[in-house]
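What follows is a short report on a single structure.
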Ligand SMILES: Nc1ncnc2c1ncn2[C@@H]1O[C@H](COP(=O)(O)OP(=O)(O)O)[C@@H](O)[C@H]1O
Ligand SMILES: [Mg+2]
C-alpha cells in the first residue's frame, strides 16, 4: 500500500435507497420504528390543505429520542444496539422509507428527561449534502404537544413528510377523496397483515385519519385490525397444521404447514388479489411478516391446485446465507441451500414437504369435484343483490342459457291475500306477498332486500321453474311450502 484516501459516500447514494418501497411498505417501516420505541399507539395522519393533500404524519407515544439519539436516527446507517425483539436492523429504514415517498422529512421527538428536539432532511442531493437542519425547540415542543388523540405521557415521536410524490396534484374533491379512501384501505390491509401478530398481542394500536387544516377538522378514525393469513376457523384437513422440522447445522428450521379450507371467503384468505396468489411461504422476523406468500422460493412452484397451502417460517436466528430480508422488509431472499433444507424437513408422523403439498392439492381437487357433481340451476336474476348472485354462482353451476329467476314483491288480490308466494313459470318470476315484506325486510332496503329470505326461497323453489310442466311431487311440495310459509309469516306478523 501507498497510503490511504478517505472516500465518503456521494450524497446521491441516498437516491437508490428505498426504490422498492411503496407508500404502504414505507409506512410499515416507520410504524416498525414506533413499535421498537415501545409505542402503545401510532397515528398515521394525512394532511389536507386548500383541498390538496400536502403531507403525512406518523405520530407515536413511544419513548422518543434525545438530541444525540435523533442525530443517529437521521444518519444513514446510523445504528444502535438492537434488542432481541427489535424490528430495526440496517439503520436505513427511516431515511429510505421517507425519501422514497417525500422530498422533505421532519422528525420531532421528546424523550423523558430531555428537551424536545427536531431535525429536517431534504431529499435533493444538491441541497442536502450530508447536513441536516435543526428544528427550533419551541416548534418541536408545540407540535409534540398537540392533541393527537392518542394517550400521551410526555414522550413520543413525530415523523412528518412534506411534498409527498404519490399524492394527487389536484384539489378536485372527488379525486382527493378517492385517493384517500383507496390509500387508507391499502395501508390498513398491509399493516394489518404484516403486523398481525404484534397487533394481536396488544402491543400497539394503529389508527389513520385525515386532517383538513383550513377547516381545523379531523375526519373519522380508522383502526388497523389484525389480518392473520392463517386465521381460518377450521383447517382444510384434519391433523393440520403440521410442523415440519429440518436441521441446518445446530439450528432447527420449522416449517409450519397449513391447509386452508377450500373456497373460503374470509379476508384472511382473500388477501387482495386472486385466490392462487397467496399460497406459499410466509416469512416472519421477530413477529413481523416479511413476505406474505406469493412464492415457494424454490421449494415448489405456484399453481392453482396449491392455493390452499400456506407455510409459516420464522427466520429469527437463521443465517443470512440461508434467508435474508431485503432492506424494505417486504421480501426475503433465500440461499441455494434453502430448497434442499425444506425438502429434508419432516413432521413427527413422518410427513415430508411433498406429502404436505399432495395433501393440500388433494383437498383442493376434492372440493372441485363436489362442485362439478352438483346439478346446474337456473341463475338468480333481478331482486338479488349482486354479491349474493356472485356467491350463488360461485357455489352452484348455472344454466346460463336460461331466463333467470326474478324475485319481486307485489300486493296479492283478495283471494290470495294470505299466500306467501306465487309462481309465474312463464316469466320466471317468484312473486312474494308485499304484506309480509316488513317481516322479511332485513339488510339493505330496495329491490335487492331480504337476501336471506330470497336465497332460502331460491334454493327451495328453483325446481319449480324447470321442466315443461310441474310434476305431482313439485306441486305437492309447492303447496306444502306455501302453507307452512304463510302460517309462519302470519305468526311473525302476530295475526
Ligand atoms: N419513532 C421513533 N421513536 C424512537 N426512535 C426512533 C423512531 N424512529 C427512528 N428512531 C431511531 O432512529 C434509528 C434509525 O431508524 P431507522 O432508519 O428506521 O433504522 P433502524 O430501524 O434499522 O434502526 C432507530 O434505530 C431508532 O433509534
Ligand atoms: Mg427502522
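Residue numbers (our numbering): 6 to 500.
For every residue, glycine included, the Cβ atom is placed at its ideal position computed from N, Cα and C.
On a predicted model such as this, the values are computed, not experimentally measured, just so you know.
With a threshold of 7 Å, the Cβ atom of residue 99 counts as near ligand 1, since some heavy atom of the ligand is closer than that.
About 27 Å separates the Cβ atoms of residue 139 and residue 58, ruling out a contact at the 8 Å cut-off. Look at residue 232 here: in three-state DSSP terms it is coil, with no helix or strand label. For residue 199, the three-state secondary structure derived from DSSP is helix. Judged by DSSP secondary structure, residue 407 falls outside any beta strand (DSSP E); it is assigned neither H nor E. Going by DSSP, residue 106 is part of no beta strand (DSSP E) at all; its letter is neither H nor E. Sixteen is the threshold: since fewer than 16 other Cβ atoms of the shown chains lie within 10 Å of the Cβ of residue 278, the residue is exposed.
If you look at residue 399, you'll find it in the alpha helix (DSSP H) that goes 391-400.
For residue 25, the shortest separation between its Cβ and any heavy atom of ligand 2 does not lie below 7 Å. Restricting attention to 353, 338, 214, 178, the CA atom closest to the CA of residue 244 is found in 353.
Between the alpha carbons of residue 320 and residue 460 lies a gap of roughly 47 Å. The beta carbon of residue 379 lies closer than 7 Å to those of 401, 402 in the same chain, with the five residues before and after it left out. Ranked by Cα distance from residue 318, the options 311, 333, 296, 309 are led by 296. The straight-line gap separating the alpha-carbon atoms of residue 492 and residue 485 is approximately 11 Å. The straight-line gap separating the alpha-carbon atoms of residue 193 and residue 63 is approximately 14 Å.
With 16 or more other Cβ atoms inside 10 Å of its own Cβ, residue 246 counts as buried. In the three-state DSSP reduction, residue 287 falls in the strand class (E or B). Three or more pairs of CB atoms, one per stretch, sit closer than 8 Å, so the segment 401-420 contacts the segment 428-437. When the beta-carbon positions are compared, residue 68 and residue 291 stay at least 8 Å from each other. Within the same chain, and ignoring the five residues on either side of residue 250 in sequence, the residues whose Cβ sits closer than 8 Å to its Cβ are 257, 258, 259, 260, 350, 351, 352. Three or more Cβ pairs closer than 8 Å define a contact, and the segment 113-128 meets that threshold against the segment 74-82. For residue 30 and residue 364, the gap between their C-alpha atoms comes out near 34 Å.
The C-alpha of residue 248 is placed about 40 Å away from the C-alpha of residue 186. Within the model, the alpha-carbon separation for residue 481 versus residue 417 is close to 22 Å. For residue 489, the enclosing alpha helix (DSSP H) begins and ends at 477-498. For residue 476 and residue 397, the gap between their C-alpha atoms comes out near 26 Å.
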